[in-house]
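Chains Y and U, in that order, are what the protein sequence lines are.
Read left to right, the first sequence gives residues 22 to 440 (this note's numbering).
Read left to right, the second sequence gives residues 22 to 440 (this note's numbering).
There are 2 protein chains.
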Amino acid sequence: MNRKISIGIAGLGNIGQGVARIIESNRDKILKKTGIELDIRSVCIKDMQKKRTLPTDAYLMTDDYNRLVDDPQIDIVVELIGGVDAARDLIQKALKAGKHVVTANKAVMAKHGEEFFRLAEINKVKINYEAAVAGSIPVIRSFDVSFISDRIISIIGIINGTTNFILTRMSREGLDYKDALKQAQKLGFAEADPSLDVGGDDAAQKLAVLSRIAFNTDVSLDDIYYEGITGIRPVDISYACEMGYEIKLLAIARQEKGRLEMRVHPALIPKSHILASIRDEINAVLVTGENIGEQLFYGKGAGQLPTASTVVADIIDVARRGEMFYEYDRYEIQSIDDLKTEYYLRFDVDEMPGILMQITTVLTKHNISVMSLIQKQTDSHVLPVIITVHKTDEKNMQDAFKEISSFDFVRSSNLMRVL
Amino acid sequence: MNRKISIGIAGLGNIGQGVARIIESNRDKILKKTGIELDIRSVCIKDMQKKRTLPTDAYLMTDDYNRLVDDPQIDIVVELIGGVDAARDLIQKALKAGKHVVTANKAVMAKHGEEFFRLAEINKVKINYEAAVAGSIPVIRSFDVSFISDRIISIIGIINGTTNFILTRMSREGLDYKDALKQAQKLGFAEADPSLDVGGDDAAQKLAVLSRIAFNTDVSLDDIYYEGITGIRPVDISYACEMGYEIKLLAIARQEKGRLEMRVHPALIPKSHILASIRDEINAVLVTGENIGEQLFYGKGAGQLPTASTVVADIIDVARRGEMFYEYDRYEIQSIDDLKTEYYLRFDVDEMPGILMQITTVLTKHNISVMSLIQKQTDSHVLPVIITVHKTDEKNMQDAFKEISSFDFVRSSNLMRVL
Chain Y
22 MNRKISIGIA GLGNIGQGVA RIIESNRDKI LKKTGIELDI RSVCIKDMQK
72 KRTLPTDAYL MTDDYNRLVD DPQIDIVVEL IGGVDAARDL IQKALKAGKH
122 VVTANKAVMA KHGEEFFRLA EINKVKINYE AAVAGSIPVI RSFDVSFISD
172 RIISIIGIIN GTTNFILTRM SREGLDYKDA LKQAQKLGFA EADPSLDVGG
222 DDAAQKLAVL SRIAFNTDVS LDDIYYEGIT GIRPVDISYA CEMGYEIKLL
272 AIARQEKGRL EMRVHPALIP KSHILASIRD EINAVLVTGE NIGEQLFYGK
322 GAGQLPTAST VVADIIDVAR RGEMFYEYDR YEIQSIDDLK TEYYLRFDVD
372 EMPGILMQIT TVLTKHNISV MSLIQKQTDS HVLPVIITVH KTDEKNMQDA
422 FKEISSFDFV RSSNLMRVL
Chain U
22 MNRKISIGIA GLGNIGQGVA RIIESNRDKI LKKTGIELDI RSVCIKDMQK
72 KRTLPTDAYL MTDDYNRLVD DPQIDIVVEL IGGVDAARDL IQKALKAGKH
122 VVTANKAVMA KHGEEFFRLA EINKVKINYE AAVAGSIPVI RSFDVSFISD
172 RIISIIGIIN GTTNFILTRM SREGLDYKDA LKQAQKLGFA EADPSLDVGG
222 DDAAQKLAVL SRIAFNTDVS LDDIYYEGIT GIRPVDISYA CEMGYEIKLL
272 AIARQEKGRL EMRVHPALIP KSHILASIRD EINAVLVTGE NIGEQLFYGK
322 GAGQLPTAST VVADIIDVAR RGEMFYEYDR YEIQSIDDLK TEYYLRFDVD
372 EMPGILMQIT TVLTKHNISV MSLIQKQTDS HVLPVIITVH KTDEKNMQDA
422 FKEISSFDFV RSSNLMRVL
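Following this line, the structure appears as C-alpha cells:
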C-alpha cells in the first residue's frame, strides 16, 4: 500500500539542492520500488532574498527552522545546515517532536550522536546519518543491518578525501605538501581553510561516528588520538616508497578484550596491502569482523550527487522502518601510549661523525630494535637518516624520539607509524 | 518495545548450524541493538536419526517442512535446504502462508526470484536473500536500500570464489588448470564436481540475482551469455601478464538506453584496475551508479560463518521491516553478438612460413585492427601466436576467430575478452 511521507529540508546549499533534484526526478521510481511517495513540503533557507533554482516552486519556504519542527504534517526533518550548535538544536527539537531525522553532518554526530540516539529511542523515531561518513559508501548501514549479528574487531579507514588526494599527488608527482594542497584547492578537493582536513580533525570526527555504531558503544571525540599530515615531506614519501610502503592518513579503531583503541595519523602501508592502492580523493573502509572476516568498501567520499543520493536513501530507509533501539556496550579506551606497533623515523642531521652511534645508542637504551636504517648522501649539508624499527610501545618510542630530536645535530624530525 | 520473532529453519547443514549458533550466542546482543528477541522454534532436517550438535535441545524437530509452513507461531522461514524444486515449493508455501522468508539459495532465486517477489508483495511479507550472492558482502542490501534513489549503470563482479582461486594459483604459481583445481579441491574451495563453478553457471545465476535488484527488472537465466574458465592455459596467463593484464572470470551487467547487457566470461583486466588485485577465493563487486559513481565491495564470498552471519542479518532485517513493494522496469536484452570490446586471441600453430600473413589477412578482411602480436620461439614445433585487437563487434570477431581456427596449421586456439 502506498504511503505519502512529507519532508522538511533545513539548508539548501549544494547537498540540499541535490537532494531536492533527486527526489523530484525519481519520485515515481521510488514509489514503484518502495510504495513510498516522497513529498518535499517545506524548505528552510538562511536568506529568503537569495535566488535559487529549485525543481519546483511548490515548497513552503521559511528562514526559521522551528517552522519545520512545528509543522505536524512533516514526518522527516533533513538537517543540512552544517555546523554544531544550530544543527544540534534543530535535531533535538525534531526528535522531541516525534519526527525522524536525516543528517549529513559528521561534526554534530561526532559530538552529540549519543544524545540523539537516546532522544530517538524515547520518541520512537530514528536518526539516519550515512552521508556523515565516507559519502555514498554504505558503511554505517552495513554496521546497522548487515553486520549486526557479528562482533566487529577493527575498522581501518581512509576517510578523508582531501588528505588522500594530497598524499597521492605527493607520491605520484613528487610534489611537496604546499603544492599538492594548492592543487587540491584548485580542483575543489580542499577548502580555502584546509586545517580541519589536514589536521586530522575531520577524520577523527568520522572515526568517532563509525566506532560508535561498529562497537555499539559511546565514543567521545576526546577519546581519539589524532595527528594530521602537515609534517610529511617528499623525502618521507620517497623513502617509504623505497622501503615498499605508501603513506596514507589512516583512521583506526580496534577492540580487544574490552579495550578500544582509536587513532588517526599518517601511517606507512605495505604496497601489497589493499589500502595502499586507494588513490586520489577516494575513500575506503576495511572492516574486520569475527564472522564476516575482512570486508572492504571503496567509493567517493564526497561530492554533491554521491552525498545527496545517500541522504535520499536515508530518507527512504527511515520512512520504511522508523524505530531505534539501543543499549551501549562498555569498553575501556586504550591510550595511545599503550599502542604497540612498528615505526618510521626521519632525522635530518648535520653532516658530522658519530651521529649514527648517538642515535642508535638512544634506541638501544630504550630497547628499540632497528629494522632498517638508510642514510644517503645529498647535495646539502643536512642529511636525512631514515630508520624503521620493530614493534615497540608508543610511550617508549616517543621518549626515544624526543631524546634524539633534541640533539643539537638534529635539524628536524618526523615519526610515523606503520600499519 | 521488545518483540519476539519465531523462526523455522529448513536445512541444518553447515550454514544452518552456523545460523543456530550465531542466534543462540548473540540473542542478548541482538535484543539490545534492535529490540527483537529471536527464537528458533522449529528445525526441519532430512534425517531424524542423524546425530547433531545443536546449541540447545529446545527446538521442535521435524523432517517435513510443511510443519514450518503450517505452524501459525512461526514468523520467518529460513530456507537452507538448497537445490531448486523443493526449495521453491517451500518458499512459495511460506510466502502464501504470510511468513517472511530468508534464503541463501542462489539457484532458486535466479530461477524463480520474480515469482517470489510477486507472492511476497501480495501476501505483504518480504523475502531476503543477501547470502545468495557474494556471501557476507552487503551488495543486495545496498541495491535495496543505499542505492535505491540512484540509477545503476553497471555491475562488474568477481563472484565465483572457486574460479578466482584457480586463476590466482595459475597466475602466481604457474600451475596448469588441473593442478590448480586439485589444490582448490584440497583446500575446500572447489567441490568434487566443480562443473557449475568452472563452467560459469554459478556466476551466471548470481549475476541474474544481482541484475534483477540492481536494474529493477526481471531477468531470466537464459538472457545471460556465459563461458567458464576450462579453456584457459598457463600460456594465456603468462602472455596476458606480459601485456599487463590479469585474467579473471567476470560477471558483467550494464544498461544503456533501455538495453541490458549481461555476460559471464574470463576477461583480461589491466593490472592497474582495482579488480585485478582481487585474489584467491575473495569476491568483489564493482558498482557504478549515475550519482554514486564507482563503489567497490570486497570480502569473503563463502564459508560457514560469513554466510550464516549474513542469513542472521537478513532475519533481523526482515523482522524490522517486513514488506515488499515492486514494479519492474523493462529493458531490451542485448545479445552477446552486439558486444563491442577488445579481444585477446591465442592460436597454437605449426611452425611454417606465411602463417602470420594468413592470420592477419583474415583479420583485415573483417576490419579487425591488431593492437599487439606476439610470436615467440619455443622448444616444440607448435608456437603460440598471441594477438590483441582493438574494439570490434563480437559477431565479427567470432567469425574471424572461427575462420582462423579452421586453418590446417592451427592446432588449438582461445578467445578472451578484455575488460
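All C-beta atoms in this analysis are idealised placements derived from N, C-alpha and C, irrespective of residue type, glycine included.
{"Check": "Would you call the region 171-180 of chain U and the region 308-319 of chain U in contact, with 3 or more CB pairs under 8 Å?", "Outcome": "yes"}
{"Check": "For U:Leu326, return the contacting residues in chain Y, with the cut-off set at a CB-CB distance below 7 Å.", "Outcome": "Asn312"}
{"Check": "Based on the DSSP output, what are the partners of Y:Pro405 in its beta bridges?", "Outcome": "Y:Asp369"}
{"Check": "Distance cutoff 7 Å, beta carbons only. Does Y:Ala340 sit that close to anything in chain U?", "Outcome": "no"}
{"Check": "Check the Cβ-Cβ distances between Y:Ala334 and every residue of chain U, and say whether any is below 7 Å.", "Outcome": "yes"}
{"Check": "State yes or no: is the beta carbon of U:Ile169 nearer than 7 Å to at least one beta carbon in chain Y?", "Outcome": "yes"}
{"Check": "Which of the three DSSP states, helix, strand or coil, is assigned to U:Val240?", "Outcome": "coil"}
{"Check": "For Y:Gly265 and Y:Met392, what's the separation of their Cα atoms in angstroms?", "Outcome": "13 Å"}
{"Check": "Quick one: any contact between the region 260-274 of chain Y and the region 289-302 of chain Y, if contact means 3 or more CB pairs under 8 Å?", "Outcome": "yes"}
{"Check": "Leaving out the 5 sequence neighbours to the left and right, which residues in its chain are closer than 8 Å to U:Arg42 when beta-carbon positions are compared?", "Outcome": "Pro76, Ala329"}
{"Check": "Mind checking U:Pro159: buried by the 16 CB within 10 Å criterion, or exposed?", "Outcome": "buried"}
{"Check": "Checking the sheet assignment: what are the DSSP bridge partners for Y:Tyr260?", "Outcome": "Per DSSP, none; premise fails for Y:Tyr260."}
{"Check": "Measuring only the C-alpha atoms, how far is Y:Met373 from Y:Lys412?", "Outcome": "29 Å"}
{"Check": "Just checking U:Thr399 against the ligand ADP - is the residue's beta carbon closer than 6 Å to any of the ligand's heavy atoms?", "Outcome": "Ligands displayed in this structure: none; no statement on the ligand ADP is therefore possible."}
{"Check": "Say whether chain U places a C-beta atom closer than 7 Å to the C-beta of Y:Ser163.", "Outcome": "yes"}
{"Check": "For the region 317-334 of chain Y against the region 46-64 of chain U, do three or more pairs of beta-carbon atoms, one drawn from each stretch, fall closer than 8 Å, so that the two count as touching?", "Outcome": "no"}
{"Check": "Could you tell me which residues DSSP puts in a beta bridge with Y:Ile28?", "Outcome": "Y:Ile61, Y:Ile97"}
{"Check": "Using DSSP's beta-bridge definition, name the partner residues of Y:Asp414.", "Outcome": "Y:Lys361"}
{"Check": "Pull the bridge partners of U:Val285 from the DSSP assignment, please.", "Outcome": "U:Tyr247, U:Ala272"}
{"Check": "Measuring alpha carbon to alpha carbon, tell me which of U:Val431, U:Leu217, U:Phe168, U:Tyr150 ends up nearest U:Leu101.", "Outcome": "U:Tyr150"}
{"Check": "List, in chain order, every chain Y residue whose beta-carbon is nearer than 8 Å to that of U:Lys269.", "Outcome": "Correct list: empty, because the minimum Cβ distance to chain Y is about 16 Å."}
{"Check": "Measuring CA to CA, which of Y:Ala261, Y:Ala224, Y:Leu59 is closest to Y:Leu440?", "Outcome": "Y:Ala261"}
{"Check": "Using the beta-carbon of each residue, which ones in chain U are nearer than 7 Å to Y:Phe318?", "Outcome": "Phe318"}
{"Check": "Return the CA-CA distance between U:Asp400 and U:Asp371, expressed in angstroms with no decimal places.", "Outcome": "12 Å"}
{"Check": "Which whole runs of the alpha helix (DSSP H) in the region 207-233 of chain U are 4 residues long or more, in chain order?", "Outcome": "216-219"}
{"Check": "Please give the ranges of any beta strand (DSSP E) in the region 131-196 of chain Y, keeping only runs that are unbroken, at least 3 residues long and fully inside the region.", "Outcome": "173-179"}
{"Check": "Mind listing which residues of the region 42-66 of chain Y have their C-beta closer than 7 Å to chain U's C-betas, in chain order?", "Outcome": "Ile43, Asn47, Ile51, Lys53, Lys54, Thr55, Gly56"}
{"Check": "Enumerate in chain order the residues of its own chain whose CB-to-CB distance from U:Glu353 is below 8 Å, with the five nearest sequence positions on each side excluded.", "Outcome": "Gly279, Arg280, Leu281"}
{"Check": "Which residues of the region 284-302 of chain U have a Cβ closer than 8 Å to any Cβ of chain Y? Give them in chain order.", "Outcome": "Ile295, Ser298"}
{"Check": "Tell me whether the beta-carbon of U:Tyr80 lies closer than 7 Å to the beta-carbon of U:Ile61.", "Outcome": "yes"}
{"Check": "For the beta strand (DSSP E) holding Y:Thr124, just list the boundary residues, first then last.", "Outcome": "121-124"}
{"Check": "Taking a contact to mean a Cβ-Cβ separation below 7 Å, would you say U:Gly455 touches U:Ile30 in this structure?", "Outcome": "Residue 455 of chain U lies beyond the stretch modelled for chain U, which goes from 22 to 440, so this question has no answer here."}
{"Check": "According to the neighbour-count rule (16 or more other Cβ atoms, all chains shown, within 10 Å of its Cβ), is Y:Arg341 buried or exposed?", "Outcome": "buried"}
{"Check": "If we define contact as Cβ-Cβ less than 7 Å, is U:Ile337 a contact residue for chain Y?", "Outcome": "yes"}
{"Check": "Return the bridge partner residues of Y:Glu311 from the DSSP annotation.", "Outcome": "Paired residues: none, contrary to the question."}
{"Check": "From the DSSP secondary-structure annotation, give me the bridge partner or partners of Y:Arg438.", "Outcome": "Y:Ala288, Y:Tyr364"}
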